[in-house]
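One structure is given below, encoded as structure tokens.
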Amino acid sequence: MKKQTLIFLLLLSTAIFAQKRPLKHTDYDDWKAISETKITPNGHWVAYILSPQDGDNKLVLYPLLGNAIDTVERASDLWLSQDSQWAAYKISPSKNAVKTAKLAKKKKDEMPKDSIGIHSFSTFETIKFANVKSFIFPEKSNDWMAFLGYPETKKDTSSKAKKVKKESDENGSTLHVYSLKTNTLIKFPFVYKYQFDPSGQNLTFATTGKDSTLKPGLYAFSTTDQKTKLLTETKGLYKQISSSEDGQNWAAILDPDTTKKALSKNHQLWYWKTSEEPKLIADSLTNGDKQLPQVSAEFEPKFSKDGSRLFFGKTPRNLLKDTTQLEEDIVSLDVWNWKDKHLMPQHLANLKNDLKKSYLTLFDVKNQKIVALTSPDFPEIKLTKTSNEEEMLLLASDKYANQHWLFNPPIDAYTVSGKNGNREKVFENERVSDLTMSPDGKFVVWYALEDTAWYAYQVRNQKTYKLTDEVSFSDKADDDHPDEPNSYGLEGFTKNDELVWIYDKYDIWAINPSKPSEKKRLTNGRENNLTYRYISLDEKETQIDDKKMVMLHVFNQKTMESGFATLSSTENATPKLVMFDKFYFSPKVIKAKESTDLVFTQENYEVFPDLQHTKNFDFKEVKKVSTANPQQENISWGTAEMIKYNSLDNKDLEGILYKPANFDPTKKYPMITYFYEKMSDQIYRYNVPLPARSSINFSYYPSNGYCVFVPDIVYKTGQPGQSAYDCILPGIRKVLEMGFVDSTRLGVQGHSWGGYQIAWLVTKTNIFRAAEAGAPVANMTSAYGGIRWETGNSRQAQYERTQSRIGATLWESPQKYLENSPLFYLPNVKTPVLMMHNDDDGAVPWYQGIEMFMGLKRLDKPVWMLNYNGEKHGLTQRKNRKDWSLRMSQYFDYYLKDAPMPEWMSKGIPATEKTLNYGFKTN
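Right, dumping it as structure tokens:
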């Protein structure tokens, strides 16, 4: 009987397993992501949004105390009240409804509109308001909310109606102020701008006016007594409204021009206390600053923590248009000058932002005076997080901008006084990273690239202290770029700026910034190959509270396992592991404000990172609170394992081998190798099935019978191509020795830096039956002098100091550039090559792909290049990503699985058939 039962169970399990099918490209649309995860302050509810890749969102309200799960279709922009009583969210029209309206050529005001839903956790009732354009809640209050409706579009053909003012984007629409507790709804017409103070006691709004009962101007509505007060009657438009933290101070930016004909805007800054009338603080007519005469409308005014200082932006006077010439007489020209600090392409790439650039200025509320802070010479400033901006950090790098071959050029740093604008030098002409000012404004801390040490500058006594030297706080041992090694980062400061927490590769160090000898290693990671990193459980945290137990993320540098630890505040405490496993645990952990409830995620190659809940920091009881993709149960899924091997120059290396679903070691499988520097630390990461932006999907190919191998690469300066060869080929041979990969059916795929290395590899080896090299650099000699068009930056730094790793200029080592350029060795290529290189690629100019294509075509070698018109370095439009995924799988299936060749490969697609014939049909 037992034997019969066992046979039955085996047959049943085999039948169930056999029902699973491979992933299809059509599966991607329904694969969901989790976003906007929140937990109510009392820890009773977890809320999150499920978003399919193509479809409508769903809000899930998950009860942790046993109530029924609630869901809301098409919801997003989630808000939870601080008293744990309410959830609010936007409800969007369905994508199908929007698509249908577009096909019907509906006008903008006829398109489906958003709504808002307000859900009560106590009564489980939901209130909805339709046609909502925007909504806000006070930061620290649960009682009131406000939302602006879309302009009403009701048509009235009577002659009287034509004279009546109508709602529009220009005139404004109805503002609704709603009390969640009393269900009171108050409306104000023709509003276009509105803002609560953090406490929710006052709502300030701007209206174009209705009649004598509501004149155009700025109003304050009190939620306490529900009275409305006219602050100032104006006919211009308010661009910004902001409040201090205590709600007692307000500021607004007004554009008084109603003609829209002014060549230069005269924006005005207004300030008022809740008990006073607004008064004009600054505009271009009263401003004596000739360099920065205008108030910026782009910068939202901000108050210091105590409201004593108001920050606003100023700008140079910019003419909007030259009206002295006819359009046909205006010459459009870019002048490149060798003395320019910034390259002309940088100017052009940043033009829109530069025209909107604001220079920070301070208004001293108590002394009623304006203090200049930044300027075109000192354009950058860092504010503190908790102080009242007694001192700030001022930065200038423009005079060093001509050193465009440096990835990280020098800067000057000064402190600037909030009282009078006086400056004190911190350092000049230093190459640094991680530059920050402490939350209370007592210290400036930075990492110096040249001597790989941390420094602190004490503002009070203007002294500089070297914080580190005897322990390596740089990543020199792990970084093979020919540039100064960077740091492992700075976490932050403890209360009162007493200690700064700095990372080395493994551990956290607490250092007294004014007494560097007082340093303490808080963790013991180095001895155990564990990397510890602090996890902030308060999204508004500005300083680390080291007097309490803290939570840490833990990662094993050898096994790639991860988890969580806690660190007690007691003297000489060591971290206590509370969760550690063969998963990747995200360091993003969400804690309830009023309880110890935690929400986190864990994942591996086969397990989606669903939300998990634990009641306490000991992680003894864990409960899964989401099931985002139950359809995966019906899909054949591969497995992931680590492969260890040695490079040709005998370096210890690792690589991930993704084995096919239903793996049978007696079979022979095709294999695609993919690489991008080092990726072995990704072994426990889930790979979401999705249409490719550039590279193969590690879930799709193993599900469809492929092995996928992802080897690590370590580089030698001046030999990026050979380094790839030395690391990749031994890894492939190691896998072939295992006996289940067909050595005659090997493919290789990569994009950008990976695409370059593939272009180089196929000139040196014939091991691959098919290659896809995305956006490759074919010719380093021409690419060196090129531009990264997305930013306008020179490409020279990339070759001299960063990813391309030549380590010298073209003139210092021309042979290195030639040796590492695939273009000069194309006659050696015997592998078919597919490329994707798009004509708006801002990282690698697409003429590099053209050079590769033209060379191979001239040599009569099989090559294809796909150019998705208007796309950038990686595909952004989903339709193109789907198209690319299908073409790439057809390409590899043809060469590695003997599938039929599609017409786009065998015949091509003539320009005359573009958009009409996609060439997917097979011969």
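Counted the way mature numbering (1 follows the signal peptide of the UniProt record, and there is no 0) counts, the sequence shown spans residues -18 to -1, 1 to 905. C-beta atoms are modelled at their ideal positions from N, C-alpha and C, and glycine is treated no differently.
- Inter-segment contact for the region 324 to 337 and the region 247 to 264 is absent: fewer than three beta-carbon pairs are separated by less than 8 Å.
- A direct Cα-to-Cα measurement between Gln230 and Glu432 gives close to 48 Å.
- Asn113 has its alpha-carbon roughly 57 Å from the corresponding atom of Thr434.
- Ala752 and Gln1 have their C-alpha atoms roughly 32 Å apart.
- Across the set Thr195, Val408 and Asn443, the C-alpha of Val408 shows the shortest separation from the C-alpha of Val426.
- Inter-segment contact for the region 507 to 520 and the region 529 to 548 is present: three or more beta-carbon pairs are separated by less than 8 Å.
- Rounded to whole angstroms, the Cβ separation of Val581 and Ile572 is 4 Å, and the two are in contact under 8 Å.
- Straight through space, the alpha carbons of Val54 and Glu134 are spaced by roughly 26 Å.
- Looking at Pro238, Ser204 and Phe902, the one whose alpha-carbon comes closest to that of Met127 is Ser204.
- For Trp387, the secondary structure class from DSSP, reduced to helix, strand or coil, is coil.
- Residue pairing by DSSP places Ala264 opposite Leu251 in a beta bridge.
- DSSP places Pro120 outside both helix and strand once states are collapsed to three, so it counts as coil.
- Counting C-beta pairs closer than 8 Å gives fewer than three between the region 303 to 312 and the region 358 to 369, which falls short of the contact rule.
- Taken in chain order, the unbroken stretches of beta strand (DSSP E) that lie wholly in the region 53 to 98 and span 3 residues or more are 57 to 62 and 68 to 73.
- Membership of Thr418 in the beta strand (DSSP E) is indicated by the continuous run Val414 to Met419.
- At a Cβ-Cβ threshold of 8 Å, Gly732 and Ser677 count as neighbours.
- Note on geometry: alpha-carbon atoms of Asp9 and Ser17 lie some 20 Å from one another.
- Look at the beta carbons and you see the region 265 to 277 touching the region 287 to 296: at least three pairs across the two are nearer than 8 Å.
- Restricting attention to Gly423, Val441, Lys424 and Thr418, the CA atom closest to the CA of Ala430 is found in Thr418.
- Cβ neighbours of Asp12 within its own chain (closer than 6 Å, five residues either side excluded): Pro34.
- Of the other Cβ atoms in all chains shown, 16 or more fall within 10 Å of the Cβ of Gln183; this residue is therefore buried.
- Runs of the beta strand (DSSP E) lying entirely within the region 26 to 52 and spanning at least 3 residues, in chain order: 27 to 34 and 40 to 45.
- Within the region 547 to 632, no complete alpha helix (DSSP H) segment of 4 residues or longer occurs.
- Among the bridge pairs identified by DSSP, His158 is matched with Phe129 and Lys169.
- Annotated three-state conformation of Glu500 is coil, per DSSP.
- Inter-segment contact for the region 677 to 686 and the region 712 to 724 is absent: fewer than three beta-carbon pairs are separated by less than 8 Å.
- Judged by DSSP secondary structure, Pro673 falls outside any alpha helix (DSSP H); it is assigned neither H nor E.
- Scanning the region 413 to 474 for uninterrupted alpha helix (DSSP H) segments of 4 residues or longer gives nothing; none is fully contained.
- In this structure Leu130 is in contact with Tyr176, their Cβ atoms being roughly 7 Å apart against a cut-off of 8 Å.
- Rounded to the nearest whole angstrom, the C-alpha separation of Arg503 and Ile490 is 6 Å.
- When secondary structure is reduced to three states using DSSP, Ala881 falls in the coil class, being assigned neither helix nor strand.
- Looking at Met653, Phe285 and Lys864, the one whose alpha-carbon comes closest to that of Thr726 is Met653.
- For the pair Cys689 and Lys641, the CB atoms are nearer than the 8 Å cut-off.
- For Tyr656, there is no enclosing alpha helix (DSSP H); the enclosing beta strand (DSSP E) covers residues Tyr651 to Tyr656.
- Taking the Cα positions, Asn510 is about 29 Å away from Asp520.
- The beta-carbon distance between Trp27 and Leu41, rounded to whole angstroms, is 12 Å. This is too long to meet the 8 Å contact definition.
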